[in-house]
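Visitor: Each residue of the sequence shown is one higher than the one before, starting from 0 at the first, in numbering that gives the first Met the number 0.
Glycine included, every Cβ here is placed at the ideal spot set by N, Cα and C.
Provided herewith is a single structure, encoded as structure tokens, for subsequent inquiry.
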Amino acid sequence: MPDLFADIALLPNGWAKDVRIAINETGDIEAVSAEADPSGAERLAGAVLPGMPNLHSHAFQRAMAGLAERAGPDGDSFWTWRETMYRLAVSISPEGLLAVAAQLYVEMLKAGYTAVGEFHYLHRDPAGRPYADPAQMCRAVIGAAQDAGIGLTLLPVLYRAGGFNGAPTEPRQNRFVLPVDGFLDLAATLIGEAARDPNLAVGAAPHSLRAVPPDDLAACLAGLDRLDAEAPVHMHVAEQVKEVEDCLAWSGARPVEWLLANAPISERWCLVHATHMTPSETSALAKSDAVAGLCPSTEANLGDGLFPLPAYLAAGGRFGIGSDSHISVSPVEELRWLEYGQRLLSHARNIAAGAPAASTGTALFTGGLAGGAQALARRIGSLAPGNRADLIVLDREHPIAAGHSKDTLLDALVFSGNVNPIRDVMVGGRWVVRDGRHDREEEIASRFRSTVSRLASA
Ligand SMILES: [Zn+2]
0 MPDLFADIAL LPNGWAKDVR IAINETGDIE AVSAEADPSG AERLAGAVLP
50 GMPNLHSHAF QRAMAGLAER AGPDGDSFWT WRETMYRLAV SISPEGLLAV
100 AAQLYVEMLK AGYTAVGEFH YLHRDPAGRP YADPAQMCRA VIGAAQDAGI
150 GLTLLPVLYR AGGFNGAPTE PRQNRFVLPV DGFLDLAATL IGEAARDPNL
200 AVGAAPHSLR AVPPDDLAAC LAGLDRLDAE APVHMHVAEQ VKEVEDCLAW
250 SGARPVEWLL ANAPISERWC LVHATHMTPS ETSALAKSDA VAGLCPSTEA
300 NLGDGLFPLP AYLAAGGRFG IGSDSHISVS PVEELRWLEY GQRLLSHARN
350 IAAGAPAAST GTALFTGGLA GGAQALARRI GSLAPGNRAD LIVLDREHPI
400 AAGHSKDTLL DALVFSGNVN PIRDVMVGGR WVVRDGRHDR EEEIASRFRS
450 TVSRLASA
């Protein structure tokens, strides 16, 4: 393919002018040069940014956006929302999952996410029996990512128990449950496939401390190390106050505290939510080099609480963003609400900026790029040689870009409301969105509509 040429592009050291990007046949960036000559290159329509990684997704939940917003008789919480989610989880087929996930992934690409971490826990059939191919539901996720053209880090979930103390699972959790051996066999199959696909990586997701007893967690991590000692590990942690109380009653320690003391938390790990932490947990997590996987729109929707962002950033903590339950599919909305939650709490402004005169939009966007790339364990998140050619092009003619130079462009992107100035999107050297359109969007949307109608009538 011809080289790309952008008037301005966000490179690892900041904005650069007249940037030329060479991409090889496998979809990797081969060279990046600033103040370069444009001759023979394809001129892009505006500023170029690395695509944003979305580090936490449960794709099937896109089909229930708007279905859990009616008040119940006794008050609503995460736990009443989970009832609606379980009703959907028991009914979705592999074909249904493929249809819903493909639509979701097209929406992600158009919004500027170029890679997703799929925290995937629907393994068995609705009756809890293994499929003839134990990887069938995982293959639906991989197929959806390929149909849409998004990069994927597939994180098959280990789910062993219905609560702390190894409480038995309920029948409606049957689809999630695998023995540790079966889980590792599945991971081995998927890791083999990822070795042949530069847009795919595989890790593991022990679901949470309430769903994975310590012995199973240790066996899962040891087995994963034998398959791939660098594979990423994601886990839900400290999302809900009740979960913290139950963990204290079980172990005498809070969830993040327990993990830091009993698991090899490192840069391989992504602790999803980590909402409820004491100041000492916050600074210890920051110093562990793990990524906090923050999902502000879902955390708001579920009434989880607010992550202690200022203390975490002050201690050098790393974060990325996820759209989790997909009541919003927009990196801008996640970043904005990450900041706005803190403003509402502290009665102050520009919390994430980190230093006088620093740009809040830049701190949020570049923080999300770096943490997301680390958590998804792929060569993404910056426009640098050797990385995947995953990038987004803003439309220089879009009204929200008017009057902005490179100094304020990311502030305009994050803090201009719900308008989308992204014109073109590339993943692994292939254009997947051009002029705001995905080339398979009608077909994928039509398959999604019939799937959701079927689910609604079932
Ligand atoms: Zn989640």
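Going by alpha carbons, who is nearest to ALA283 out of THR297, GLY71, TYR120, ILE264?
Guide: Within the sequence shown, residue 283 is the residue found at index 284, counting from 1. Of the candidates THR297, GLY71, TYR120, ILE264, the one whose C-alpha sits nearest the C-alpha of ALA283 is ILE264.
Visitor: Excluding sequence positions up to five away, which residues of its chain have a Cβ less than 6 Å from the Cβ of PHE182?
Guide: The count along the sequence shown starts at 1 and reaches residue 182 at position 183. LEU157.
Visitor: From THR277 to ASP214, what distance separates their C-alpha atoms?
Guide: Your numbering for residue 277 matches position 278 in the sequence shown. Your numbering for residue 214 matches position 215 in the sequence shown. Near 26 Å, if we compare the C-alpha coordinates of ASP214 and THR277.
Visitor: What does the Cβ neighbour count give for ALA488, buried or exposed, with the cut at 16 atoms within 10 Å?
Guide: Any property of residue 488 remains undetermined from this structure, which presents the chain solely from 0 to 457.
Visitor: Return the residue from the list THR168, LEU223, SER329, GLY202 that minimises the CA-CA distance to ASP180.
Guide: As a working note, residue 180 is residue 181 in the sequence shown. Ranking the options by Cα distance to ASP180, first place goes to LEU223.
Visitor: Using only CA atoms, which one of ARG209, ALA139, ASP132, GLY161 lies nearest to ASP184?
Guide: Residue mapping note: residue 184 aligns to position 185 of the sequence shown, counting from 1. Closest option to ASP184, Cα to Cα, is ASP132.
Visitor: Leaving out five residues before and five after VAL18 in sequence, what residues of the same chain have Cβ atoms less than 6 Å from its Cβ?
Guide: One-based indexing of the sequence shown puts residue 18 at position 19. Closer than 6 Å at Cβ, skipping near neighbours: ALA5, ALA8, ALA33.
Visitor: Just to confirm before moving on: does the CB-CB distance between ARG138 and VAL99 stay below 8 Å?
Guide: For the purposes of this step, residue 138 is taken as the residue at position 139 of the sequence shown. For the purposes of this step, residue 99 is taken as the residue at position 100 of the sequence shown. Their beta carbons are not under 8 Å apart, which means ARG138 does not touch VAL99 by this criterion.
Visitor: Can you grab the Cα-Cα spacing for the pair ALA357 / THR407, in whole Å?
Guide: Working through the sequence shown from its first residue, we reach residue 357 at position 358. Working through the sequence shown from its first residue, we reach residue 407 at position 408. When rounded, the distance between both Cα atoms is 10 Å.
Visitor: Does the beta-carbon of ASP438 have 16 or more other beta-carbons within 10 angstroms, so that it is buried, or is it exposed?
Guide: Here residue 438 is taken as the residue at index 439 of the sequence shown, counted from 1. Exposed, because fewer than 16 other Cβ atoms sit within 10 Å of the Cβ of ASP438.
Visitor: Which term fits LYS16, buried or exposed, when burial requires 16 or more other beta carbons within 10 angstroms of its beta carbon?
Guide: Taking the sequence shown and counting its residues from 1, the one referred to as residue 16 is at position 17. Result: exposed.
Visitor: Count the other CB atoms, across all protein chains shown, that sit within 10 Å of the CB of ALA228; report buried if there are 16 or more and exposed otherwise.
Guide: One-based indexing of the sequence shown puts residue 228 at position 229. Classification of ALA228: exposed, given that the 10 Å Cβ count is below 16.
Visitor: Can you tell me where the beta strand (DSSP E) with THR152 in it begins and where it stops?
Guide: The sequence position of residue 152 within the sequence shown is 153, counting from 1. Segment 150-157, the beta strand (DSSP E) holding THR152.
Visitor: Does the Cβ of PHE118 lie closer than 7 Å to at least one heavy atom of ligand 1?
Guide: Counting from one through the sequence shown, the residue named residue 118 turns up at place 119. Yes; taking the cut-off as 7 Å, the Cβ of PHE118 has a heavy atom of ligand 1 nearer than that.
Visitor: Which first and last residues belong to the alpha helix (DSSP H) in which ARG94 is found?
Guide: As a first step, residue 94 must be located in the sequence shown, where it is residue number 95. Arg is not the amino acid found at residue 94; the sequence shown has Glu there. Unbroken alpha helix (DSSP H) run through GLU94: 93-110.
Visitor: So ASN53 is in the alpha helix (DSSP H); what residue range does that whole segment cover?
Guide: On the sequence shown, residue 53 is found 54 positions in, with the first residue counted as 1. No alpha helix (DSSP H) holds ASN53; the beta strand (DSSP E) holding it covers 51-56.
Visitor: Beta-carbon within less than 6 Å of PRO129's beta-carbon, same chain only, minus the 5 sequence neighbours each way: which residues are those?
Guide: Taking the first residue of the sequence shown as 1, we reach residue 129 at position 130. So the list reads ARG123, once near-sequence residues are dropped.
Visitor: Looking at the strands, I want to know which residues DSSP matches up with GLY319.
Guide: Mapped onto the sequence shown, residue 319 falls at position 320. Beta-bridge pairing links GLY319 to GLY292.
Visitor: What do you reckon, is the C-beta of ASP303 under 7 Å from a heavy atom of ligand 1?
Guide: Locating residue 303 in the sequence shown gives position 304, counting from the first residue. Not under cutoff, so the answer is no.
Visitor: Determine which residues share a DSSP beta bridge with LEU269 and list them.
Guide: On the sequence shown, residue 269 is found 270 positions in, with the first residue counted as 1. According to the sequence displayed, residue 269 carries Cys and not Leu. BP columns for CYS269 point to HIS233, VAL290.
Visitor: What does DSSP give as the partner residue(s) for PHE364 in the beta ladder?
Guide: Taking the first residue of the sequence shown as 1, we reach residue 364 at position 365. Paired residues: none, contrary to the question.
Visitor: Does DSSP put ILE399 in a helix, a strand or coil?
Guide: By 1-based counting over the sequence shown, the position of residue 399 is 400. Here ILE399 sits in helix by DSSP.
Visitor: Hey, how far is the Cα of GLU41 from the Cα of ASP2?
Guide: Taking the sequence shown and counting its residues from 1, one reaches residue 41 at position 42. Taking the sequence shown and counting its residues from 1, one reaches residue 2 at position 3. Whole-angstrom Cα-Cα distance: 6 Å.
Visitor: Could you tell me how far apart the beta carbons of ILE320 and GLY371 are, in whole angstroms, since I believe they sit closer than 8 Å?
Guide: As a working mapping, residue 320 is identified with position 321 in the sequence shown. As a working mapping, residue 371 is identified with position 372 in the sequence shown. Indeed they touch by this definition, with Cβ atoms about 7 Å apart.
Visitor: If contacts are defined as beta-carbon pairs under 8 Å, then LEU189 and PRO205 qualify, I think. What distance do you get, rounded to the angstrom?
Guide: For the purposes of this step, residue 189 is taken as the residue at position 190 of the sequence shown. For the purposes of this step, residue 205 is taken as the residue at position 206 of the sequence shown. Actually they do not touch by this definition, with Cβ atoms about 16 Å apart.
Visitor: Would you list the residues sitting across from PRO205 in a DSSP beta bridge?
Guide: Residue numbering aside, residue 205 sits at position 206 when the sequence shown is read from its first letter. Its beta-bridge partners are LEU157.
Visitor: Note down, in chain order, each residue of its chain lying with its Cβ closer than 6 Å to the Cβ of GLU266, except the 5 sequence neighbours on either side.
Guide: For the purposes of this step, residue 266 is taken as residue 267 along the sequence shown, with counting starting at 1. ASP288.
Visitor: Using the DSSP secondary-structure output, state which residues sit across from GLY162 in a beta bridge.
Guide: The sequence position of residue 162 within the sequence shown is 163, counting from 1. DSSP output for GLY162 lists ALA166 as bridge partner(s).
Visitor: How long is the line joining the alpha carbons of ARG69 and GLY302, rounded to whole angstroms?
Guide: Looking up residue 69 in the sequence shown gives position 70. Looking up residue 302 in the sequence shown gives position 303. If I take the Cα positions, the gap works out to 14 Å.
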